[in-house]
Amino acid sequence: MDSKYAVLGKENNKKNSNGIKVKRIKLCVENPSKLNGNHVAIQQVADQRDIKETFVEDLRETRKSLPVYAVRNRLLEEIKKNNTMILIGETGSGKTTQVPQLIHEQRLEGSGSIAVTQPRRVAAITLAMRVAAEMNTEIGSIVGYCVRFEDVTSVRTKVKYLTDGMMLREAVADPLLKRYSFIILDEAHERTVNTDVLFGIVKLAQKERNEKKLLPLKVIIMSATMDVDSFKNYYDECPVIYLEGRAHPVTIYHTKMKHEDYQYAALCTIFQLHTTSPANHDFLVFLTGQEEIETLMSNIKQIAKESSGPLIRVCPLYAGLPAAKQLQVWKKTPPGMRKIVLATNIAEASVTIPQIKCVIDTGFVKERTWCTSTGAERLRVGPCSQAAAWQRAGRAGRTARGAAYRLYTETDFGARKPHNVPEIVRCPLASTILLLIASGFEPLTFPLIDPPPEESVKASLLLLKELGAIENEANPKLTVLGKKMTAFPIDPKYAKILLSAPEFDCLDEALSLVAVLSSENVFHMPIHKREEALKVKQKFVSTLGDHITLLNVFKAFCKAPLKKQWCKENYLNHKNLSYAFDVRQQLLAICQRLNMTVTSCGAALDQLLKCLLSGLFTNCAWLRSVVGGARYATGSGAAAGLHPAGVLHSLRPAPPALLYTELLHTRRPYLVTVSVIQPQWLHQVAPDYARRCRATRTCPESIFKPTDT
DNA sequence: GAGCACTGC
């Protein structure tokens with residue numbers, strides 16, 4: 001196989017192998033009811049994630065072996081000296097667990113506390129547990145975490161791990177973040193919308209606290225390799241400190257020739273390596289989506305029957321896969337059997353699979369982009385960035401030396417963009433802008449490292465105005481309604497639906513529906529059992545459309561006594577439905593705090609659909625043609641068909657007017673999650689918007705006819 | 001005729 005690949009060595013640091021003792025430790029909460037927050041669900045989380053009992057190496061020894069430990073004194077000096085610094089360290093440097101402890105050991109936080117933000121909740125929880133164990137303290141006391149649905153902190157908490165979304169929520173109540181003396185923004189290289197906004201919030205808070213002679217705020221930006229120059233520039237040339245990693249060396253191979261078909265190239269490479277590598281070398285293949293993974297999986301199984309080499313176990317891994325099936329990935333294979341994991345970029349950062357010796361990187365990724373003028377989102381397969389490729393390669397060096405096979409040439413690699421495009425420049429911004437306004441910031445001048453396109457900001461401000469959240473776009477001030485909308489941790493359109501629901505006597509149903517819409521797809525359609533899954537789905541289907549169908553599913557789920565079993569029988573995703581259940585609880589609590597009356601519309605489902613329209617009025621589509629399948633035009637003038645997974649796809653005759661949740665361009669533009677509406681409703685529910693549509697001729701004149709049926 | 005990944009008082 002060597003002939004096919006050119007070697008580009010990337011030697012990292014020496015392996016660190018000291019005799020590590022293993023002991024079992026137990027994590028517990030001393031008295032959950034004493035802690036603040038509405039639900040302390042440590043037990044529940046532990047059960048869910050199997051981290052109630054964790055194997056942890058001899059903690060003290062491990063700490064000392066971390067690269068960050070060796071430079072701790074120098075690091076502390078820098079932390080004392082600078083108000084802002086950037087800390088670059090590869091996986092395994094120990095920065096995220098050790099730096100907060102170093103600060104706390106010296107009591108540098110004084111009367112304030114130390115916040116460490118994470119893009120993912122699981123990371124925030126496990127890091128807090130890990131650090132609490134290292135400090136030999138109960139989780140929720142000195143060390144705690146705060147994520148959606150769970151606040152495991154107390155007045156004594158000095159080191160707090162939280163999601164960046166949670167930190168943003170705190171900034172609404174207190175833009176100066178006065179309770180913290182240190183804010184550590186971790187995983188900065190991921191450039192999520194929330195982290196990007198936090199960069200600005202801490203920068204402004206730091207400045208203002210300084211001017212007002214309040215407790216100073218120290219900021220530490222932590223990251224793996226990243227675009228240091230733009231960060232340094234943004235933070236007024238603050239110092240940058242580099243930490244050694246502790247990953248094992250990974251040898252990188254590029255192909256010498258360009259491949260036309262990366263899926264075929266992946267298949268060839270897998271079997272080339274399979275026949276030459278020892279059986280205990282597990283493979284990780286990066287692909288772009290579920291369909292690709294399933295196709296490659298059946299191809300591998302087919303070829304494996306006639307191939308020499310060890311036995312193979314193929315494990316798919318993508319976010320939509322039910323949790324029970326994801327677990328296969330972590331199950332050890334018997335001796336003499338090779339594990340081949342076929343994953344989307346979920347395996348790039350969110351999930352770590354041990355024992356991977358060999359990474360096969362197709363070099364492609366599925367990316368979501370947003371069109372500001374039509375509101376359409378597009379899923380497009382394209383080349384991944386250099387940073388993503390390094391991240392993927394690094395997955396082969398977690399436990400021992402490994403290799404990464406890139407299915408593209410070195411020239412191709414060099415021509416790629418060095419970093420991922422920050423999310424904030426390519427996603428809808430209404431909820432972010434609403435949050436900024438609620439925190440007292442000026443959305444048009446708020447300092448961002450990479451400002452989003454102006455038309456994107458303007459489109460979001462227009463939407464907020466039409467939803468009634470702000471008075472006008474030029475001088476965005478929250479209305480009474482807008483203020484209430486900020487209380488909900490959901491898309492402003494959905495918040496509007498809930499806030500209008502009492503008017504339509506359907507808050508009970510609206511809560512359930514918004515909760516389900518805020519979650520991922522609840523239907524699970526395995527490729528081989530599609531017929532059966534579709535048959536089972538029929539019992540939930542409403543001819544009014546997908547929304548009522550989803551409501552039927554959710555209601556049945558709530559009533560089912562054995563939920564996991566019930567979901568399995570009905571081809572539904574238990575994880576996503578449970579999530580929706582939790583979201584509903586949370587939204588209900590907020591509604592009750594706002595003194596909203598929860599009533600049910602019963603069989604009058606028209607009421608519920610009108611209510612949906614009060615938030616989603618910009619998402620109307622009108623039938624334009626029925627030749628070769630129904631074609632619709634949206635209020636913004638985009639043309640789209642019905643998504644084949646929806647219940648209205650096969651309904652005849654095609655409804656003249658629809659309400660859609662999402663306009664998504666995959667192979668073609670599709671309206672996803674749609675319901676039938678009466679054309680006149682738009683004028684009744686959103687008269688201003690309807691008039692604007694009439695002026696731009698994007699809706700039919702029939703919506704202004706006074707009759708209603 | 002078919003959906004990348006995260007997240008939220």
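Numbering (UniProt numbering), first residue to last: 1 to 709.
All C-beta atoms, glycine included, are put in the ideal place defined by N, C-alpha and C.
Exposure of residue i, with buried meaning 16 or more beta-carbon neighbours within 10 Å
| i | result |
| --- | --- |
| residue 723 | This structure leaves residue 723 out entirely; the chain is present only between 1 and 709. |
| R697 | exposed |
| I527 | exposed |
| M129 | buried |
| K305 | exposed |
| N420 | buried |
| G402 | buried |
| V627 | exposed |
| A387 | buried |
| Y145 | buried |
| P561 | exposed |
| C699 | buried |
| G382 | exposed |
| M257 | exposed |
| W558 | For the record, residue 558 in the displayed sequence is Cys; it is not Trp. Looking at its Cβ environment, which holds fewer than 16 other Cβ atoms inside 10 Å, C558 is exposed. |
| R691 | exposed |
| Y264 | exposed |
| E90 | buried |
Span separating the alpha-carbon of residue i from that of residue j
| i | j | result |
| --- | --- | --- |
| H665 | P644 | 13 Å |
| V147 | Q101 | 20 Å |
| Q98 | R63 | 8 Å |
| Q684 | T661 | 19 Å |
| T195 | V116 | 12 Å |
| G615 | L507 | 13 Å |
| T344 | C358 | 16 Å |
| V202 | P239 | 17 Å |
| I703 | T295 | 46 Å |
| T255 | C268 | 12 Å |
| R121 | T96 | 14 Å |
| W390 | I293 | 21 Å |
| Y262 | L407 | 7 Å |
| K477 | K483 | 10 Å |
| A61 | S578 | According to the sequence as given, residue 61 is Glu; it is not Ala. Whole-angstrom Cα-Cα distance: 40 Å. |
| G309 | P278 | 9 Å |
| R694 | T288 | 41 Å |
| P655 | A501 | 25 Å |
| R313 | N280 | 12 Å |
| S512 | N552 | 10 Å |
| L435 | K458 | 15 Å |
Residue i beta carbon near the ligand ATP (any heavy atom closer than 7 Å)
| i | result |
| --- | --- |
| E348 | In terms of ligand content, the structure shown is empty, and the ligand ATP therefore cannot be addressed. |
Integer Cβ distance of residue i from residue j, believed to fall under 8 Å
| i | j | result |
| --- | --- | --- |
| S675 | L659 | 5 Å |
| A638 | T374 | 4 Å |
| A396 | I356 | 6 Å |
| A347 | F286 | 7 Å |
| S456 | K417 | With 8 Å as the limit, S456 and K417 do not qualify as a contact, their Cβ atoms being about 20 Å apart. |
Secondary structure of residue i, DSSP reduced to three states
| i | result |
| --- | --- |
| M85 | strand |
| V155 | coil |
| K160 | strand |
| P67 | helix |
| F441 | coil |
| D546 | helix |
| C315 | strand |
| K339 | strand |
| F283 | strand |
| A388 | helix |
| K213 | coil |
| A173 | helix |
| T486 | coil |
| C238 | coil |
| G615 | helix |
| D412 | helix |
| P700 | coil |
| K178 | coil |
Query raised in the report: Can we say the stretch 413–428 touches the stretch 189–209, given the rule of at least three CB pairs closer than 8 Å?
Result: yes
Query raised in the report: Does the stretch 527–539 come close enough to the stretch 591–605 to have 3 or more Cβ pairs within less than 8 Å?
Result: no
Query raised in the report: Counting pairs of Cβ atoms below 8 Å between the stretch 74–93 and the stretch 151–171, do you hit three or more?
Result: no
Report task. Specify whether the stretch 563–574 and the stretch 534–554 touch according to this definition: at least 3 beta carbon pairs, one from each stretch, less than 8 Å apart. Result -> yes
Report task. Could you say if the stretch 179–187 and the stretch 210–225 meet the contact criterion of at least three C-beta pairs nearer than 8 Å? Result -> yes
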